[in-house]
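To start, the structure under review is shown below, and the notes come after it.
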Amino acid sequence: MGNADSDLSSTELEVIEEAAAEILTKRPYGHRILGIQENSPCSYETIKQDIVPFFDFIVEANGVSCDKDDGSFVQIIQDCVRQKKELNLKIFNIKNKQIRTISCQPNMDWGGEGALGLTIKFDFIADIQDHCIHVLDVTNHSPAEKAGLDPYNDYILGTPHYVMRDSDDLNELVSENMDTMIELFVYSQTNDEVRRYRIVCMIFLSLIL
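Here it is as structure tokens:
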């Protein structure tokens, strides 16, 4: 999940920590990455780097801060497409509080939606416990069990288009999508990774949250 290299010196770690602290205190907004389309300009297949949905925020693009939802990020992407320029994105991971840079080539001809293939949401950068729902129990033979959710170890983060804040958000999502398949991003504490689950919405998902 983008953990830091254990060989980093104490000085390098201090620089990383200071940069993270600045983001959290002075410009705590960015574009949260909710989903990545396969074979898109920002997919692993293309850039050979992992992007972690929900935990990763775009905080800078080509040296310009992305802490305001004023259209500047979209303009930078459009300029890169028009000029066929590379886009350098500074990514902040809210889980490990670290920053990394990825490079991609935005374009509209890769075969999917958008120039990056990302679903993003301008959002407040807060601790991960404010952006998840802890699964405490899963009933036998329920939709949640069939999907493979693991009690105590799993945390529901949201869908490819929606961030979960609390159980009310999940209940609303279920009621609006009754008897249909939805996709949930779930963080596994055991494996330290974010996975995508497909689950059929019923009156009760049989989760204790």
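Residue numbers 1126 to 1334, in our numbering, belong to the letters of the sequence shown in order. Positions of the beta carbon are idealized from the N, C-alpha and C atoms, including for glycine.
C-alpha distance - G1127 paired with Q1223, whole-angstrom precision: Sequence index remark: in the sequence shown, residue 1127 carries index 2 (1-based). Sequence index remark: in the sequence shown, residue 1223 carries index 98 (1-based). With a pLDDT of only 44 at G1127, under 50, the local geometry of the prediction cannot be trusted, and no value is derived from it.
In chain order, what residues of the same chain lie with their CB nearer than 7 Å to the CB of P1231, ignoring the 5 residues before and after it? Taking the sequence shown and counting its residues from 1, one reaches residue 1231 at position 106. Cβ within range, chain order: P1166, I1202, C1205, V1206, L1212, A1240 and L1241.
Could you tell me whether the stretch 1268 to 1288 touches the stretch 1191 to 1199, using the rule of 3 or more Cβ pairs below 8 Å? No, the stretch 1268 to 1288 is not in contact with the stretch 1191 to 1199.
Determine the direct distance from the alpha carbon of S1190 to that of I1141, and round the result to whole angstroms. Taking the sequence shown and counting its residues from 1, the one referred to as residue 1141 is at position 16. Taking the sequence shown and counting its residues from 1, the one referred to as residue 1190 is at position 65. C-alpha separation (whole angstroms): 17 Å.
Mapping the DSSP letters down to three states, classify Q1203 as helix, strand or coil. Taking the first residue of the sequence shown as position 1, residue 1203 is located at position 78. Q1203 falls in the helix class under three-state DSSP.
Pull up the DSSP beta-bridge partners for E1308, would you. Position 183 of the sequence shown, counted from the first residue, corresponds to residue 1308. Its beta-bridge partners are R1323.
How close, in whole Å, do the beta carbons of D1181 and I1158 come, if the pair is a contact with beta carbons under 8 Å? Within the sequence shown, the letter at position 56 stands for residue 1181. Within the sequence shown, the letter at position 33 stands for residue 1158. That pair is a contact at about 5 Å.
Taking the alpha-carbon positions, what's the I1219 to F1249 distance? As a first step, residue 1219 is located in the sequence shown; it is residue number 94 there, counting from the start. As a first step, residue 1249 is located in the sequence shown; it is residue number 124 there, counting from the start. So the two alpha carbons sit approximately 11 Å from each other.
Environment of L1303 [buried if 16+ CB atoms lie within 10 Å]: Stepping through the sequence shown from its first residue, residue 1303 is reached at position 178. Looking at the sequence itself, residue 1303 is Met, so the reference to Leu does not match. It counts as exposed.
For S1292, the first and last residue of its enclosing alpha helix (DSSP H): For the purposes of this step, residue 1292 is taken as residue 167 along the sequence shown, with counting starting at 1. Its alpha helix (DSSP H) spans residues S1292 to E1301.
Please state the DSSP three-state secondary structure of N1128. Within the sequence shown, residue 1128 is the residue found at index 3, counting from 1. Residue confidence for N1128 is low, a pLDDT of 47 falling below 50, so the modelled location carries little weight and cannot support an answer.
Helix, strand or coil for A1272, going by three-state DSSP, please let me know. As a first step, residue 1272 is located in the sequence shown; it is residue number 147 there, counting from the start. Helix.
What separation, rounded to the nearest whole angstrom, lies between the Cα atoms of S1134 and M1233? Taking the sequence shown and counting its residues from 1, one reaches residue 1134 at position 9. Taking the sequence shown and counting its residues from 1, one reaches residue 1233 at position 108. Across the structure, S1134 and M1233 are spaced so that their CA atoms are roughly 41 Å apart.
Have a look at V1199 and W1235 and give me their C-alpha separation to the nearest angstrom. The residue labelled residue 1199 in the question sits at position 74 within the sequence shown. The residue labelled residue 1235 in the question sits at position 110 within the sequence shown. Their backbone Cα atoms lie some 18 Å apart in a straight line.
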